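Accompanying notes for the structure given below.
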Amino acid sequence: MSVTIFNIDPGSIAQELGIEKGDILLSVNGEQFTDALEYKFLTAEEYVELEILQGDEIVVYEIEKEPYEDIGLSFENSLIDEPRSCRNKCIFCFIDQLPKGLRKPLYFKDDDTRLSFLTGNYVTLTNVKDEEIDKVIRLRLSPINVSVHATEPELRKQMLNNRFGGRIMEHIRKLTENGITVNCQIVLVKGVNDGVHLEKSVRDLSDFYPGVHSISVVPVGISDHREGLYPLSPFEKADAEEVVSLLEKLQEENRKKYGSRIVYIADEFYLKAEQEIPDIEVYEDFPQIENGVGMLSSMQEELCCELKTERKEVRPGKRSIATGLCAYDYIRRFADMVQQRYPQVEIDVHPVENRLFGHRVNVAGLLSGGDLLAGLSGKQLGDTLILTRSMLRAEGDLFLDDMTPQELEEKLGVKVVFVENEGKDFVDKILK
Ligand code: SF4
66 MSVTIFNIDP
76 GSIAQELGIE
86 KGDILLSVNG
96 EQFTDALEYK
106 FLTAEEYVEL
116 EILQGDEIVV
126 YEIEKEPYED
136 IGLSFENSLI
146 DEPRSCRNKC
156 IFCFIDQLPK
166 GLRKPLYFKD
176 DDTRLSFLTG
186 NYVTLTNVKD
196 EEIDKVIRLR
206 LSPINVSVHA
216 TEPELRKQML
226 NNRFGGRIME
236 HIRKLTENGI
246 TVNCQIVLVK
256 GVNDGVHLEK
266 SVRDLSDFYP
276 GVHSISVVPV
286 GISDHREGLY
296 PLSPFEKADA
306 EEVVSLLEKL
316 QEENRKKYGS
326 RIVYIADEFY
336 LKAEQEIPDI
346 EVYEDFPQIE
356 NGVGMLSSMQ
366 EELCCELKTE
376 RKEVRPGKRS
386 IATGLCAYDY
396 IRRFADMVQQ
406 RYPQVEIDVH
416 PVENRLFGHR
426 VNVAGLLSGG
436 DLLAGLSGKQ
446 LGDTLILTRS
456 MLRAEGDLFL
466 DDMTPQELEE
476 KLGVKVVFVE
486 NEGKDFVDKI
496 LK
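Start counting the sequence shown at 66; every next residue gets the next number (the working numbering).
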């Protein structure tokens, strides 16, 4: 594949050589590349030859550099080619449950091993040929995050609605035997892959440790927009208690057998079971914190550490925090910890119902601008409203329903600030 150079980094090797924006990169070390990862892999060498089309002339640049030193070329699309979409029709797919009328990218179902490596997305490996598994190994795309859901081939095929879904153990075996670390996710669907199926999946995957570094078990999300979809039931308190008890038993077995728990339980299961979130030791190196697993435990610990140091600059006054119904009790507890330490600050915490997706979706990160507006209008919010950054898209400019933070500020008449899900930022944003 040839690719047009979109930009040259200032001060880079490429700029020094006189390569220009708009030139066309034809090959690296005489090899064609198909995407950004191959390009990165090929240019990691100490000696690199770039074949570049400049106007009508092909120029070959010979570069000697440090291993892994970036040459300074960038391309319009960070993947170079388009992200690959999924070929499944999972019975629990949350994208199928989105209301109509949201922005288009939210409906895109990606399932791309390159994105797993670059941005941590979970992939099912149902749309990859054997050569592509070889490519993951050759390019050392490690770690990768894999959505497993079930290790029994027929059950996985049924859950993914894909006849190619049954080879997951074979793929994971090949990846781990060749030095690729795999983090697995199980989306738990009540009455489908729980109970004995869950136990088998966790045991099967744990056998690959340390190649399989972690397994997270997260509950299926169920919105109100499910016309014509597979019937799903939410986990109730007793179901969540069973899940926690089974997984804690497997954690203990794994700890004795492998020296690691390997499997980690989503915060939502403890909250649903009305049990205390475990101490940080239980999450070991927090391998799935990006997936929200262990977030509350980590925040609580960071908060305790943060509050040991006295802040000199504290702005007195009233602040408000809005959160989902799910973690309300914990956020209230965190706010109380800050308020006890700094009584000159008053903190209200408002649980906000999700109207966009329905009441069963109760995590803060899926609240829309409209939900916040409906839930907070007419309330005395003090001088600042604090929200989690995860409510916004990656660019930080829009809620799920395309409302901007500025619009929300104007409509509620309060300054809005966003906080990362970590203790120090939580204290900073409340006190400043
Ligand atoms: S892999 Fe399944 S859950 Fe993920 S986007 Fe595709 S259909 Fe949806």
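A virtual CB, placed ideally from N, CA and C, is assigned to each residue, including glycine.
No experiment lies behind these values; they were computed from the predicted model shown.
First through last residue of the beta strand (DSSP E) which encompasses residue i
i, result
"LYS480", "480-484"
"SER212", "209-212"
"GLU284", "Before going on, a small fix: residue 284 reads as Pro here, not Glu. It spans 277-284 - the beta strand (DSSP E) in which PRO284 sits, taken as one unbroken run."
"HIS415", "410-416"
"ILE89", "89-93"
"THR191", "THR191 -> no beta strand (DSSP E), and no H or E assigned at all."
"ILE330", "328-330"
"GLU349", "Unbroken run through GLU349: none, as it is neither H nor E."
"TYR274", "Note, TYR274: premise wrong, no beta strand (DSSP E); not H, not E."
"LEU225", "Not the beta strand (DSSP E): LEU225 falls in the alpha helix (DSSP H), residues 218-225."
"THR99", "Counting along the chain, THR99 falls outside any beta strand (DSSP E), and DSSP gives it neither H nor E."
"ILE451", "449-453"
"LEU118", "112-119"
Buried versus exposed, by CB contacts within 10 Å (16 or more), residue i
i, result
"HIS278", "buried"
"ASN248", "buried"
"GLU317", "exposed"
"ALA303", "exposed"
"LEU99", "For the sequence presented, residue 99 should be read as Thr rather than Leu. Label assigned to THR99: exposed."
"PRO284", "buried"
"PRO470", "buried"
"ASP344", "exposed"
"PRO296", "exposed"
"THR374", "exposed"
"SER281", "buried"
"PHE173", "exposed"
"ARG221", "buried"
"SER179", "Per the sequence presented here, residue 179 reads as Arg, with Ser not at that position. It is buried - the Cβ of ARG179 has at least 16 other Cβ atoms within 10 Å."
"GLY443", "exposed"
"LEU171", "exposed"
"GLY286", "buried"
Bounding residues of the alpha helix (DSSP H) (the contiguous stretch that carries residue i)
i, result
"GLY382", "Taken as a continuous stretch (DSSP letters only), GLY382 belongs to no alpha helix (DSSP H), being part of the beta strand (DSSP E) at 382-388."
"VAL247", "Run containing VAL247: none in the alpha helix (DSSP H); it sits in the beta strand (DSSP E), 247-253."
"HIS262", "261-271"
"GLU378", "Where GLU378 is concerned, there is no enclosing alpha helix (DSSP H), given that its DSSP letter is neither H nor E."
"GLU242", "233-242"
"TYR323", "302-323"
"GLN365", "360-371"
"GLN405", "393-406"
"VAL492", "488-496"
"GLU472", "470-477"
"GLU81", "78-82"
"LEU437", "434-441"
Beta-carbon spacing of residue i, residue j below 9 angstroms
i, j, result
"LEU465", "CYS391", "no"
"LEU450", "VAL481", "yes"
"ARG425", "SER310", "no"
"HIS236", "VAL211", "yes"
"VAL347", "TYR329", "yes"
"ALA387", "VAL414", "yes"
"LYS255", "PHE182", "no"
"ASP332", "MET360", "yes"
"CYS151", "ASP176", "yes"
"PHE140", "ILE70", "yes"
"GLU460", "GLY185", "no"
"PHE399", "MET456", "no"
"LEU90", "GLU127", "no"
"VAL484", "LEU438", "no"
"PRO164", "PHE422", "yes"
Own chain residues within Cβ distance below 6 angstroms of residue i, not counting five before or after
i, result
"GLU487", "GLU367"
"SER77", "GLY137"
"LEU204", "LEU102 and PHE106"
"MET468", "GLY434"
"VAL261", "none"
"GLY87", "none"
"PHE159", "GLY286"
"PHE334", "ALA305, VAL308 and VAL309"
Same chain, Cβ closer than 8 angstroms to residue i, neighbours up to 5 away in sequence not counted
i, result
"GLU411", "GLY382, LYS383, ARG384, GLN404 and GLY447"
"PRO132", "ALA109, GLU110 and GLU111"
"GLU217", "HIS262, LYS265 and SER266"
"ASN226", "ASN153, LYS154, CYS155 and ILE156"
"VAL379", "TYR407, GLN409, VAL410 and LEU496"
"GLN80", "ILE73, ASP74 and GLY137"
Residues of its chain near residue i, where Cβ-Cβ distance is below 7 angstroms and the 5 sequence neighbours each way are ignored
i, result
"VAL213", "ILE233, CYS249, GLN250, ILE251, SER266 and LEU270"
"GLU371", "GLY488, LYS489 and VAL492"
"GLN97", "MET66"
"GLU349", "SER325 and ARG326"
"GLU474", "LYS480 and VAL481"
Short CB-CB distance (under 9 angstroms) between residue i and chain B
i, result
"CYS391", "The chain labelled as chain B is not found in the depicted structure, where only one protein chain is given."
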